[in-house]
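In this note's numbering, the protein residues as written are 0 to 624. Glycine is no exception: its CB is placed at the ideal position from the N, C-alpha and C atoms. These numbers were taken from a predicted model, which means no experiment stands behind them.
As structure tokens, then:
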């Protein structure tokens with residue numbers, strides 16, 4: 000792992016002799032660009048101007064000039080960074096010892112409305128911030144959970160929050176959250192105590208070797224974390240596997256045991272339509288593999304889906320939330336560091352993990368699928384090819400298989416036959432595929448299904464009224480639409496803009512970001528949280544979720560002309576379709592796949608409406624029965 004590191008003594012010398020303290024932040028920033036590819040802004044760099052030298056001088060005063068300082072250490076498999084990790088030898092045992100230091104320049108802070116995990120900081124507005132002790136405690140737990148060298152030595156990691164500008168009287172109630180010796184809080188008033196604390200933690204020896212071992216260690220979930228995950232997931236009795244679901248589960252477990260026993264590597268692909276149980280299989284695998292003590296992680300390419308997994312499946316367990324990753328977290332993964340990597344919603348795999356923040360030296364063009372296969376002995380891909388809805392997504396069976404074969408790897412595939420969403424109605428899923436021209440067959444009249452209701456409404460008002468009645472009757476319900484209207488940022492008064500306009504009916508899109516706006520839930524919780532019904536969902540928010548009753552508004556990007564449904568790319572407001580390099584053929588497929596996703600979210604029924612009169616008439620003909 001590349002990181003900006005110095006011994007405390009050499010950093011003090013750097014500041015006092017060769018680099019004026021006022022520009023130390025520029026030196027660190029340049030090193031971070033070179034070693035980690037990040038480019039901190041000026042506001043971030045100011046926090047280093049005095050904090051880093053103060054910490055370095057405290058170490059030297061404690062006689063610990065050889066302790067290694069790992070500055071802006073990026074926690075494994077995440078974008079989060081600890082300000083400094085001190086690496087050295089334990090004074091008592093001689094073993095490796097690590098201290099995570101969260102540096103704050105705050106001069107005054109108080110608890111937020113008596114919540115002992117949130118604080119208000121003077122001069123930094125009215126929005127609360129996380130208590131620094133809570134923050135550093137989380138870093139300690141995460142590091143111990145994912146760095147192999149610490150698997151059996153969790154006590155080797157401790158943490159402190161150092162508010163070196165604050166007097167005790169100005170932060171006195173923050174001390175209420177200091178619960179144990181593993182995470183401490185120090186202020187300017189207690190600087191002497193902090194120096195004594197450092198002396199008690201570290202031996203006056205060089206810490207470079209301890210830093211080397213931390214930086215070169217394998218990255219995988221710890222035994223303790225796997226045990227916690229297994230207990231959490233196995234207690235969920237709704238994860239019952241049937242027929243092909245059980246076959247897929249057993250095939251993966253067989254591949255895991257075989258790969259471990261023969262020191263080999265295998266790839267498993269599980270395909271199925273919406274509601275076929277892919278995510279149930281994924282979570283069941285996560286629980287069982289964890290229970291056997293093997294290293295495993297769950298990953299997706301969807302922010303909404305991952306955040307929901309973290310907030311629902313891992314609710315109440317900060318540690319377990321770390322089991323849910325994104326596909327682009329594995330760019331630097333070591334070969335086979337994991338036993339199993341469960342790639343849920345694998346149709347969201349991108350061509351590469353690179354983005355606009357990736358530094359030029361890391362822009363290798365390496366396929367993301369290669370990174371995912373590389374990371375585990377048994378990578379498992381669960382996907383639905385008809386849910387590829389963005390340019391650059393390449394999660395298709397043929398492409399994954401071809402890449403695995405190019406690496407000389409065996410591929411095992413299971414196709415799920417059962418249908419658990421849409422009321423278990425295979426008839427409805429086939430009707431949707433024919434409607435959208437995704438299976439080569441012509442649209443047909445809906446002949447009904449006792450297990451699933453399909454209807455056409457005459458206006459968006461009627462659509463909303465129908466679904467609101469279902470909601471008031473105790474069912475879950477949501478309205479979605481094709482991406483044919485602009486998507487504005489919230490108004491200055493923290494209200495949403497009613498962008499989706501059809502005549503005099505107008506509603507806002509779901510929230511863009513990861514925080515609530517007024518009574519509207521955060522984007523990741525739109526499908527499940529109270530208040531989501533009042534916004535129209537887009538495909539990027541609805542994908543991966545389900546609700547009892549589903550409303551779909553066909554926009555002007557999919558209309559009936561000359562005997563068939565055609566796509567109108569110019570009517571789409573999806574920025575993904577305006578990029579250069581996206582052909583009309585690709586746009587056509589992506590728009591059709593978008594409506595496939597929207598039309599298959601409901602468990603009990605779907606109601607339709609089209610803004611285009613000719614399309615509305617066409618749908619009426621198909622639903623006349």
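Asked, Found
"Residues bridged to residue 296 by DSSP?", "340"
"Starting from the N-terminal side, write out each stretch of the beta strand (DSSP E) that is 3 residues or longer and does not extend beyond the stretch 92-153.", "95-103, 108-111, 114-120"
"Residue ranges of each beta strand (DSSP E) run of no fewer than 3 residues wholly in the stretch 370-441, ordered along the chain?", "375-382, 409-414"
"Looking only at C-alpha atoms, which of 321, 268, 263 sits nearest to residue 249?", "268"
"Tell me which residue opens and which closes the alpha helix (DSSP H) that residue 590 is part of.", "583-598"
"Since residue 298 and residue 335 are thought to touch, with beta carbons under 8 Å apart, how far apart are those beta carbons, to the nearest angstrom?", "Actually they are not in contact, since the Cβ atoms of residue 298 and residue 335 sit about 16 Å apart, beyond 8 Å."
"Please classify residue 168 as buried or exposed, where buried requires at least 16 other C-beta atoms within 10 Å of its C-beta.", "exposed"
"With DSSP as the reference, label residue 507 as helix, strand or coil.", "coil"
"Less than 8 Å separating the beta-carbons of residue 13 and residue 54?", "no"
"Do residue 387 and residue 338 have their CB atoms nearer than 8 Å?", "no"
"Could you check where the alpha helix (DSSP H) with residue 283 kicks off and where it finishes?", "277-290"
"Roughly how far, in whole angstroms, is the beta-carbon of residue 202 from the beta-carbon of residue 87, given that I think they are within contact range, below 8 Å?", "7 Å"
"With DSSP collapsed to three states, give me the class of residue 604.", "strand"
"Since residue 377 contacts residue 265 with CB under 8 Å, what's their CB separation in whole angstroms?", "6 Å"
"Can you list, in chain order, the residues of its chain with a C-beta nearer than 7 Å to that of residue 300? Leave out the 5 residues immediately preceding and following it.", "325, 326, 344, 347, 348, 349"
"Measure from the alpha carbon of residue 146 to the alpha carbon of each residue in 6, 192, 216, then state which is nearest.", "216"
"Bridge partners of residue 164, per DSSP?", "DSSP lists no partner for residue 164."
"Can you tell me whether residue 175 is helix, strand or coil according to DSSP?", "helix"
"Does residue 71 pass the burial test, meaning 16 or more other C-beta atoms within 10 Å, or should it be called exposed?", "buried"
"Compute the Euclidean distance between the alpha carbons of residue 521 and residue 221, then round it to the nearest angstrom.", "31 Å"
"Per the contact definition of three or more C-beta pairs closer than 8 Å, is the stretch 363-380 in contact with the stretch 571-590?", "no"
"Could you check whether residue 515 and residue 477 sit closer than 8 Å to each other, using their CB atoms as the reference points?", "no"
"Taking Cβ to Cβ, would you say residue 555 is nearer than 8 Å to residue 610?", "yes"
"Measure the C-alpha to C-alpha separation of residue 619 and residue 457 and round it to an integer number of angstroms.", "10 Å"
"Taking the beta strand (DSSP E) that residue 319 belongs to, which residues open and close that run?", "First-last for residue 319: 317-320, but that is the alpha helix (DSSP H), not the beta strand (DSSP E)."
"Measure the alpha-carbon distance for residue 542 versus residue 600 and round it to whole angstroms.", "8 Å"
"Can you tell which of 551, 586, 572 has its C-alpha closest to the C-alpha of residue 604?", "551"
"Measure how close the beta-carbons of residue 136 and residue 158 come, nearest whole angstrom, since I'm counting them as under 8 Å.", "6 Å"
"Specify, as a first and last residue, the run of the alpha helix (DSSP H) that residue 80 falls within.", "Note, residue 80: premise wrong, no alpha helix (DSSP H); beta strand (DSSP E) at 80-88."
"So the candidates are 332, 330, 341; which of them puts its Cα closest to the Cα of residue 322?", "341"
"For residue 68, tell me which candidate among 75, 60, 85, 77 has the shortest Cα-Cα distance.", "85"
"Report yes or no: do the stretch 531-549 and the stretch 467-483 share at least 3 C-beta pairs separated by less than 8 Å?", "yes"
"Do you know offhand how far residue 617's Cα is from residue 442's?", "10 Å"
"DSSP on residue 73, reduced to helix/strand/coil?", "strand"
"Is residue 271 near residue 414, with beta carbons less than 8 Å apart?", "yes"
"Once the 5 residues before and after residue 493 are set aside, which same chain residues still bring their CB inside 7 Å of it?", "516, 517"
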